Amino acid sequence: MGIGKRYRVAASLLALASHASAQVASVCPSTDVCFKLNIPESTTSSGNGDIFFQLSAPSTYEWVALGQGESMSGSNIFVMYTAGNGNVTVSPRLGRGHQMPEFNSNAQITLLEGSGVSNGKMVANVRCASCNSWSGGSASFSGNNGNWIYAYSSSGGPKDTTSQSADIPQHNQEDSFLWSYANAKGGNSVNPLLSGSTSSGTGNGGSASSCIPRAAANTGSSGASGSAASASVSSSAGSPAATSRGDDDDDKTTKWGGRPTQWGSRDNSWPTAAPTSQGQGYREKRDDNPQNLPYCEDNSGFTSLSSTGGGSQTTKMVTAHAALAALAFVMFFPVGSIAIRLASFTGVVWFHAAFQVLGYLIFIAAFGIGVYLASTMRMLQETHPIIGIVVFVVLFFQPILGLVHHSLFKKYQTRTIWSHGHIWIGRSAITLGIINGGLGFKLAGDVGSSGMIAYSVCAGVIWLIWVAASIFGETRRKKAAQSPPVYKERDTPRGNSDEPLGPETSHVPHPENGHYAPPKN
C-alpha cells in the first residue's frame with residue numbers, strides 16, 4: 002500500500018477517534034494567555050464531579066491564574082508559576098477581596114502529564130475533584146455556561162519556586178468572563194488535555210476548530226503525574242515525529258514527519274489539509290515565523306463581563322450596597338447634621354429628624370445587602386463588615402436619644418447627658434461610616450481605582466464641610482450663652498399689644514409696689 006493510501010486510512014481512523022474523544026473548549030483572553038476546559042460526561046449528567054482545565058502562558062510571566070466565581074471575592078483560584086528546572090507550581094487559593102488570595106490546603110487537584118515548561122511556555126494540566134464547592138462559593142457543571150475569572154502578572158520574571166503559599170504581586174491584567182460549556186462537555190478520558198479535540202467557541206458537539214489555539218499549541222509531554230494539591234511536575238518537549246520515505250506511486254522525495262492536525266467539521270471526518278509537519282527542518286522554519294501558524298482568533302465561548310457591561314449578580318449587589326451606603330453617610334446624615342447647626346427656620350428640628358430617619362432607612366437596605374454578601378462569601382471576619390455591624394447597632398439608638406434630648410432641652414433650655422450622647426454618637430457614626438466606605442472599596446477590589454478616588458474625594462469634601470459646620474455651630478452657641486438676651490419692661494398692658502412674645506418685649510406689667518408686694522383689697 003502506498004504512503005498516500007496509508008495516510009488516508011490512518012487519517013480516517015484518527016478522525017473517527019477524535020469524535021469519540023473528550024471535547025476540550027479553549028479560550029484565549031489575550032495573545033499569549035490561554036485556558037482549556039473539559040467537563041466529563043459523568044460530571045455533565047450529575048452536575049458535579051471531576052473537571053479538567055489547562056493554563057498556558059509565557060514562561061517569562063511571573064504568574065497566571067484561572068478562577069471560578071463572579072469576582073475575586075469568594076472565588077476559587079488556581080495560580081500557576083514556574084518552579085525551576087522545567088517544572089511548574091500550581092497553587093490553589095481562595096479569593097478574599099482586594100488582597101492576595103490565601104492558599105487553600107483543602108483543594109483536591111492533581112497535576113497531570115503534559116505540565117511543565119517547554120518552548121517558552123509554562124503549561125499546567127489540572128484535574129480538579131473539588132471544583133463543585135469551596136469555602137465561599139459553589140459551581141454546577143450541568144448548565145450551559147459558568148462564571149470564571151482570570152488574571153496574570155506579566156512583569157517580574159519567573160518565580161521559580163515550589164512553595165504553594167508564595168507571595169504574588171498584584172496583577173496587571175484581570176477580567177471576569179462567562180465561559181460557554183457547549184464545547185467543553187463530553188468524554189471520559191483520564192487526561193483529555195492531551196488527547197481531546199480542541200474547540201474555541203461554539204459549535205456542534207464533537208466538532209473541532211481547524212485552527213491552533215493561540216499560545217496553547219506547544220504543551221510538551223512527559224510522564225509526570227501529581228497528587229492532591231500537587232506542587233510541581235517535570236515536563237519536557239516532545240521529540241519530533243520520525244520521518245519516512247515513500248516507496249510507491251506517491252512522491253518518493255517527500256518526507257512526512259507528522260500527523261494531521263487540522264480536522265474539518267464534515268460528517269465524513271476526512272482531513273481538510275495535508276500534514277503540517279514535513280520534517281525537522283521544515284518544522285523549525287515554521288516555528289521561526291509564528292505569524293504563519295493558523296492561530297485561532299475566535300473566542301466566541303468567551304464573554305467578557307466587563308466589556309459587555311452585563312456584570313454578575315454579585316457585582317450588581319456590591320454596587321447597590323456601595324451606592325446606598327454612600328448615599329446615607331455622604332449625603333443624608335451629614336446634611337441633616339449640618340442643618341441643625343446652621344439653619345434657624347421654623348421646623349428645622351423636624352427637618353433634621355426626617356433626614357436622619359431617611360438616611361437610616363437607606364442604611365438598613367445597604368446593611369442587609371452587605372450582611373448577605375459577607376455571609377455568603379465567608380467574609381464576616383473582615384474589618385469592613387465588622388465596622389458596618391457596629392455602626393448599624395449604634396445608629397439604632399440614635400432616634401431614641403434624639404427624642405429624649407429634644408424633650409429635655411425644651412424643658413431645661415440646656416444640654417443634658419442625653420444630649421451629649423446623641424451628639425457624639427452621631428458624630429462618631431458618620432465618621433466611621435465614611436471611613437468604612439473606603440475600606441469597602443478596598444475589600445471589593447474589582448471596582449477599580451477610579452471608583453475609589455471618586456468616593457474619597459466626595460466623601461472627604463463632605464466630611465470637611467460637616468466638621469466646619471459643627472465647629473461653627475458650637476462656637477455660635479457658646480457666644481450666645483455668654484451674652485443672654487436683654488429683657489425690657491413696658492408700660493403697655495399685655496392685651497393692648499399686637500407684637501409677638503419674645504425676649505426683647507416683655508408683656509408682664511410692672512407691679513406698682515414691686516413683685517412681692519401684698520395685693521390690694
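In our numbering, the protein residues as written are 2 to 522.
Glycine residues also receive a C-beta, built at the ideal position from the N, C-alpha and C atoms.
None of these values were measured; they are calculated from a predicted model.
Contact check, residue i vs residue j, beta carbons under 7 Å
| i | j | result |
| --- | --- | --- |
| isoleucine 388 | asparagine 437 | yes |
| valine 91 | leucine 67 | no |
| tyrosine 62 | tyrosine 153 | yes |
| isoleucine 370 | leucine 328 | no |
| leucine 433 | valine 405 | no |
| valine 331 | alanine 460 | yes |
| serine 72 | threonine 316 | yes |
| alanine 185 | alanine 323 | no |
| leucine 194 | glutamine 109 | no |
| alanine 130 | isoleucine 339 | no |
| asparagine 146 | tryptophan 180 | yes |
| glycine 115 | glycine 75 | no |
| glycine 452 | arginine 342 | no |
| tyrosine 151 | proline 41 | no |
| valine 1 | isoleucine 426 | Because the chain in this structure spans residues 2 to 522, residue 1 falls outside the shown range and cannot be described. |
Residue i (DSSP reduced to helix, strand or coil)
| i | result |
| --- | --- |
| glycine 158 | coil |
| arginine 478 | helix |
| glycine 137 | coil |
| alanine 185 | coil |
| isoleucine 454 | helix |
| serine 437 | The identity of residue 437 in the sequence shown is asparagine, whereas the question assumes serine. Reduced to three states, the DSSP call for asparagine 437 is helix. |
| glutamate 383 | coil |
| cysteine 35 | strand |
| glycine 204 | Interpretation of glycine 204 is limited by its pLDDT of 30, a score under 50 that renders its predicted location unreliable; no figure is taken from the coordinates. |
| glutamate 63 | coil |
| phenylalanine 442 | helix |
| threonine 163 | coil |
| proline 30 | coil |
| glycine 461 | helix |
| serine 177 | strand |
| asparagine 148 | strand |
Through-space distance from residue j to residue i, alpha-carbon basis
| i | j | result |
| --- | --- | --- |
| isoleucine 431 | phenylalanine 334 | 7 Å |
| isoleucine 424 | lysine 37 | 59 Å |
| isoleucine 365 | tyrosine 373 | 12 Å |
| isoleucine 466 | cysteine 132 | 50 Å |
| lysine 443 | threonine 384 | 11 Å |
| isoleucine 454 | phenylalanine 368 | 23 Å |
| asparagine 77 | glutamine 69 | 5 Å |
| serine 60 | serine 156 | 11 Å |
| aspartate 168 | threonine 162 | 10 Å |
| glycine 85 | glycine 158 | 12 Å |
| glycine 348 | glycine 441 | 36 Å |
| glycine 188 | serine 43 | 8 Å |
| arginine 477 | glutamine 357 | 23 Å |
| glutamine 165 | phenylalanine 104 | 7 Å |
| asparagine 107 | phenylalanine 79 | 13 Å |
| lysine 160 | glutamine 100 | 19 Å |
| glutamine 414 | alanine 326 | 35 Å |
Rounded Cβ spacing between residue i and residue j (contact assumed at less than 8 Å)
| i | j | result |
| --- | --- | --- |
| valine 28 | valine 65 | At roughly 13 Å, the Cβ-Cβ gap does not stay under 8 Å, so valine 28 and valine 65 are not in contact. |
| arginine 94 | methionine 380 | In fact, because the Cβ distance is near 15 Å, the residues do not count as touching under 8 Å. |
| valine 89 | glycine 121 | The pair is not a contact, with the Cβ atoms about 13 Å apart (cut-off 8 Å). |
| valine 127 | phenylalanine 53 | 7 Å |
| histidine 407 | valine 350 | 6 Å |
| phenylalanine 142 | asparagine 49 | 7 Å |
| threonine 57 | valine 124 | Strictly speaking, residue 57 in this sequence is serine, with threonine absent from that position. Indeed they touch by this definition, with Cβ atoms about 5 Å apart. |
| alanine 481 | glycine 403 | Not really, about 21 Å apart at Cβ, beyond 8 Å. |
- 4-residue-minimum alpha helix (DSSP H) runs that sit fully inside the region 111 to 135, ordered along the chain: none
- Task: May I have a chain-ordered list of the alpha helix (DSSP H) segments no shorter than 4 residues that lie completely inside the region 307 to 351?
- Result: 314 to 328, 334 to 343
- In the region 352 to 427, which residue ranges form an unbroken alpha helix (DSSP H) of at least 4 residues, counting only runs that do not cross its ends? Inside the region 352 to 427, DSSP marks whole alpha helix (DSSP H) runs of 4 or more residues at positions 384 to 397, 399 to 413, from first to last along the chain.
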